[in-house]
Amino acid sequence: MSFEPRILGFLCNWCSYAGADLAGVSRIQYPPNIRVIRVMCSGRVDPEFIFKALKLGIDGVIITGCHPGDCHYIEGNYEAVKKFELVQKLLSKLNMEKRIRLEWVSASEGNRFAEVITDFTNQIKELGPSPLSGKDLDMELMEKLEALEMAAESYRLRALVGRERKITEQENVYGEKYPKEKFDNLFDAAINNEYIRNRILLSLEKNPKSVKDLATQLNIDSKEILNHILVLKGRNQVAMEDIIENQPIYLNVMER
Amino acid sequence: MVENSKSILVIGGGVAGIQAALDLGDMGINVHLVEKRPCIGGKMAQLDKTFPTLDCSICILAPKLSECYRHPNITLHTLSEVQKVEGSSGQFSVEIFKRARYVKEDVCTGCGDCATVCPVRGVKNYFDVDLMTQAAAYIPFPSAVPPAYLVDKESCVYLNYGICGLCIQACGAEAIDFTQTDTSLTLDNISSIIVAAGYSLIEDTVPLKKFGYKKYKNVISALEFERLICASGPLEGHLKRLSDGKEPKKIAFLQCVGSRDERNKDYCSSICCMYTTKEAMIAYEHDNNLETYVFYIDMRAGGKGFQKFLHRGEDEYNIKYIKSKIAQISVDNKGNPKLVYENYDTNKIEQLKVDLVVLATCIIPPEGIDELAISLGIELDENKFIKTNPFYPMETTREGIYVCGCVHEPMDIPRSVAEASSAAAKAAELVRGGEF
Amino acid sequence: MTEKQDEDIRIGIFVCHCGTNIGGFVDCEQLAEYATTLPNVAHSEHNLYTCSETGLAAIRNAVKEHNLNRVVVASCTPRTHEPLFRDCVQEVGLNPYLFNFVNIRDQCTWVHMKETDAAFEKAKDLIKMGSAKAAKLEALERIVVDINPIALIIGGGISGMNTAISLSKQGFKTHLVEKEDKLGGRLKSLYKLFPNDQEASAFLEDMTKKVEASKNLTVYTSSKIKSIEGFIGNYNVEIEQNGDIISLNVGAIIVAVGASVFEPTNLFGYDGEKSITQLELENKLKNNEVDANNIVMIQCVGARNEERVYCSSICCMTALKNALIIKEFNPDAHVTILFRDIYTPGIQYEQYFKKARKAGVLFIKYTLEKLPLVDKNEIKVFNEYLGEEILIPYDLLVLSTPLIANNDNSDLAQMLKVPLEENNFFLEAHVKLRPIDFATDGIYICGSAKWPVDITESTTQGLAAASRASRILSHETIEVESSTAYLPEWNKSLCKGCEVCITICPYNAIIKNEDDEIEIIQALCKGCGTCGSTCTKHAIEIKHFNNEQIMAEIIAFGGKIIE
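Shown next, in the form of structure tokens:
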């Protein structure tokens, strides 16, 4: 039997959902793999939703909204872009970024909706089943995905995403704009850091470890691990539990 | 707030009429909205996108259509026309003629089973400027409001020969009703009337022979272009020539076709410079190798963001603007139009071969304006647009009758919408006068 | 309520055949049967047309008979039919927000007509997801806002006066605030008005009389807005008049502050004597001080250039008007208008243009690349049509300069929390369909404060603003969207006050209140939900589309989460 992917779609009420309805009224056929969740605006789609879907083994997630400038809520779709870019950057660490897509479909584009869905379905078919969809779960990958999710949930990344447009598009009181490139560098670094920190946290949740243990397990330079540990200590997320053979052993002390 | 039992009549369910009705309805005033067509939305519903934001037209209009349809204070009369008006400001009595739909509007589920089984085909659809045909049971466009089908009286086999009736059997909702007849109804207690009857285009009445319109397949009107490039139109948004199905690589847009023209209409249609730029932009978005030429007399771009829009057209969409007067249009044996024109900037006669010509045709008063003006007792100007007060363009020559939108002068959508609200304000003043 | 309370969930599911549109492709009976296997489902059935009166009656009966507290209809699209079913469940005492729609026609059977097995599986999933969301639905209270039926109009020019007169006539108490000592704005400095050459002073006098006769209208001249607080229906405004502070409470605000005229310093020999602006010319004409024989006018001075891209739209008509007035006084005068494009749209304006040409006004086109050169007694202009430079003698040069945004627009914009566009004119909610509204409900914009307009459009927009405001003021209370963002009591401790939500809300619906807490003004929120997905602490919830509900849909499709 050929692989029939399971695809989740988030459609904004005003343009894309109407476009999907128009495809129906016009009887334009497209693959039946997609299941739709209607939201009022594409800006509503929380990165958390995408991660939850992927963790459940859903093979692909597509978000569709109004074309730029058409948003019923003025600028919600621009916020959707920022959130999508965050998730995309995070997922690229696991080569999973092709499993998600953001597209604009207007209420008059029934055809386009069908084309977009067909194309995305084919793309997912080519990628094959989600590595998290079978019975034998790749637990390491799951843990990594979970670390990404936690990163996306982190205050730092959510705050950066929420402020990005203001920071890069509007002038500050001195009439200056923060260069997009500079912001991107800052953003990328933050993504990286939060990902590793959450991997550390997940690892320490299972059992306490030393910096050296973590470095070996995560395949990351121990100096970098130490820096992260210090940050996490500062955030009261890890604490030193013990010292064994002159090595401090750390523990995840977060409440979950 | 105390309200009286008086209503306001709005004639025309285009964007102006809809806006006037919604404003009044929202104020708590009863409104009768009369529309000649089977559905509301007017010309704006037929457009692909709107300038200068390139918003998808139906995307922004559709919520207003359904709001209007569902509004507790608005009674919608489709397929209806005003026949007779009696009384005076504050107390009109209006007779409405309503054509039969042959489908129960409140029962129809909009499923389209009737159209599927209908044996009649080839019925022209005004909504697609006759570029697409349909069954005798039809809905003008998929998101039409009211969301109900209708049966075309002229072509329906059952209505003409008493046989067939397939749609009756197919309709599980039992919405088809051939016992419906055209009816008249009288609306009393009408405090004031707002005329928002919209406009027609000059090609509806004048052949435009000079431009080869209807003679050459690759010379089309701007409204036809809107339908052809619209994703929900006859070509599903893939712009092709009607002569041979080829994608045009060079398009000429001709301004002032029938307007600012001594032999036709001497006025300016106001909106063509902008919508032409928009159309050229949309066409370019479909094909980034496209060359477009706009032949114009004066660029009329005074509205908000319009100049910037023109600059974008030139800089980002490869549009070339040529100040000129068209002398002649002919076609070669492949159907490619050739333009001969006087270039006003160089004072030379030049020519250009293109694949497609789009005519920005003159806006004229709507069909039936004479009869409407007579029944309303209002004056028209020398072009048969409704005559208005120069500083209060929502006021007609008769007290209690107001006007908005293109029925009194060509104008763009924002101005129509603002005028609609201003007419609503006038009507509200009258209906509430002396109440406090 | 400080925390959520569980209740016994009883869902009813109604699968519609829609004639053969759904039933012809998938087995609706089996779908209804499948629905009974889902959690919390107390009843399911299938109907030929659920939206028909028979179908609606079936829903009402089932709600009563099976004591249902959630209703799911699997049929066409919520975009057309949700209001109908919401009304239906409300009739039997259910909160309309406890209804959920599942689209198995437009987005299932109609688009998978040749894959009916897959369509059936999809319909099952969609019903499962819809039912899962229904279980999490919450009854929503209608949000009602009190309206103080009083209007404030800022700016007593032509548009503001018209708004004020109309609102007063409609019966609303109205306050009109003007910063100068007299009403009239730009109209005060004009001579005659196009297109019918009416005296501006007579027009203004007529208007002023109407203002004075308006019973419900209070005028505050020499007054300035000091502060504005509040939201739709209830604004507290402070006005300063001659050093006194006047406090007002109003329900709606109309911005009609007009625009300023660009002064052409250092352009085309501007000196206020031999080279003057159109506005200065109006004054000279009024006092019969024009004795020049060779008059040249230059259009687009300081407009349609790199610095100021826009066309001010009124200057061509002003120039034509004044040229015709000069010609009337002195038929022998030579009037030349140097233009780029003549902006006379519509019927009357185009006729006016024609009239000017007939009267012998000469029109010469110039381009931005080759601007006219002004010497002491003559002007050099390159004419492309002739391909040569022309010398025009002049003894009066008139510069048509654009209207520009007032330099204090940003102060007012900040007080009202409304946006300006790049030229500092006020920015409306939507240039096409909401030309008189701001995105924030209860505040409206008209006249040249938004964009340069002539008298005719100013009166139109002034009246239009009266209509838009009247929609609100006509009601003691108004109901606003119930499915809004909110910060539940039980989440308040999560909020860290980062204010990102304030930054991204397009409607200024989120503020920090006196207690330094985030507060979402329900009356302003439109329910897009972007703040919910942005909130750094997941503290904000979106009613009817909350995380729990959306997550339930995801899990219903994806299966259980493995943590």
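Protein chains in written order, with our numbering: chain Y, 425 to 680; chain S, 20 to 455; chain B, 3 to 565.
Just so it is clear, CB atoms sit at the ideal spot from N, CA and C, and this is done for glycine as well.
For Gln347(S) and Gln370(S), the gap between their C-alpha atoms comes out near 9 Å.
The beta carbon of Gly433(Y) sits no closer than 8 Å to any beta carbon of chain S. Under the three-state reduction of DSSP, Thr403(B) is assigned to coil, being neither helix nor strand.
Against chain B, a Cβ distance below 9 Å from Glu310(S) picks out nothing, because the smallest value is about 23 Å.
C-alpha of Lys190(B) to C-alpha of Val238(S): approximately 51 Å in a straight line.
For a cut-off of 8 Å, the C-beta gap from Ala254(B) to Ala431(B) is around 14 Å, too long to register as a contact. Closest in alpha carbon position to Glu67(B), among Val74(B), Asp89(B), Ala44(B) and Thr505(B), is Ala44(B). The bridge partners DSSP lists for Asn622(Y) come to none.
Judged by beta-carbon spacing, Leu66(S) lies within the 8 Å limit of Ser76(S), meaning their Cβ atoms are closer than that value. Within the model, the alpha-carbon separation for Asp280(S) versus Ala321(B) is close to 23 Å. Taking C-beta separations shorter than 6 Å and ignoring five residues to either side along the sequence, the partners of Leu206(S) in its chain run His51 and Val113, following chain order.
A straight line joining the alpha-carbon of Glu47(B) with that of Cys291(S) spans about 55 Å. Remark: C-beta atoms of Pro409(S) and Pro197(B) approach each other more closely than 8 Å. Within the segment 473-536 of chain Y, the runs of alpha helix (DSSP H) that reach at least 4 residues and sit entirely inside it are, in chain order, 500-515. If you draw a straight line from the Cα of His19(B) to the Cα of Tyr51(B), it is about 6 Å long. Our two residues, Ser224(B) and Met464(Y), have alpha carbons roughly 46 Å apart in a direct line. C-alpha of Tyr36(B) to C-alpha of Lys126(B): approximately 7 Å in a straight line. Taking the beta carbon of Arg107(B) as reference, the chain Y residues within 7 Å of it are Gly448, listed in sequence order. Using a Cβ-Cβ cut-off of 8 Å, Ile615(Y) does not count as an interface residue toward chain B, since no Cβ of chain B sits closer than that to its own. If you ignore the 5 residues before and after Gly31(S), its C-beta comes within less than 6 Å of the C-beta of Ala215, Ala216 and Gly217, all in its own chain and listed in chain order. Exclusion of the five residues before and after Lys604(Y) leaves Thr592 as the residues of its chain whose Cβ lies within less than 7 Å of its Cβ. Within the segment 126-150 of chain B, contact with chain Y at the beta-carbon level (separation under 8 Å) is assigned to Asp127, Leu128 and Met131. Look at Asn402(S): its C-beta is under 8 Å from a C-beta on chain B. For Glu588(Y), the three-state secondary structure derived from DSSP is helix. With its beta carbon less than 8 Å from one in chain B, Pro409(S) belongs to the interface. At least one CB atom of chain B sits nearer than 8 Å to the CB of Cys465(Y). In the three-state reduction of the DSSP assignment, Ala155(S) falls in the coil class.
Contact between Val373(S) and Ile221(S) does not hold, since their C-beta atoms are separated by about 22 Å, which reaches or exceeds 8 Å.
Annotation for Lys68(S): Asp74, Cys75, Ser76, Lys297 and Ile301 place their beta carbon closer than 7 Å to its own, counting only its chain and skipping 5 residues before and after. In this structure, Leu80(S) is the residue among Gln102(S), Cys186(S) and Leu80(S) with its C-alpha nearest to the C-alpha of Gly60(S). Within the segment 247-262 of chain S, those residues whose Cβ lies closer than 8 Å to any Cβ of chain Y are, in chain order, Cys249, Ala250, Ser251, Glu255 and Gly256. Within the same chain, and ignoring the five residues on either side of Cys137(S) in sequence, the residues whose Cβ sits closer than 7 Å to its Cβ are Ala154, Ala155, Ala156, Leu185 and Cys186.
By the rule that beta-carbons nearer than 8 Å mark a contact, Asn92(S) does not touch chain B.
Close to Phe325(S), with beta-carbon spacing below 8 Å, are these residues of chain B in chain order: Tyr312 and Cys313. With 16 or more other Cβ atoms inside 10 Å of its own Cβ, Trp438(Y) counts as buried. Annotation: Ile542(B) to Gly531(B) spans about 9 Å, alpha carbon to alpha carbon.
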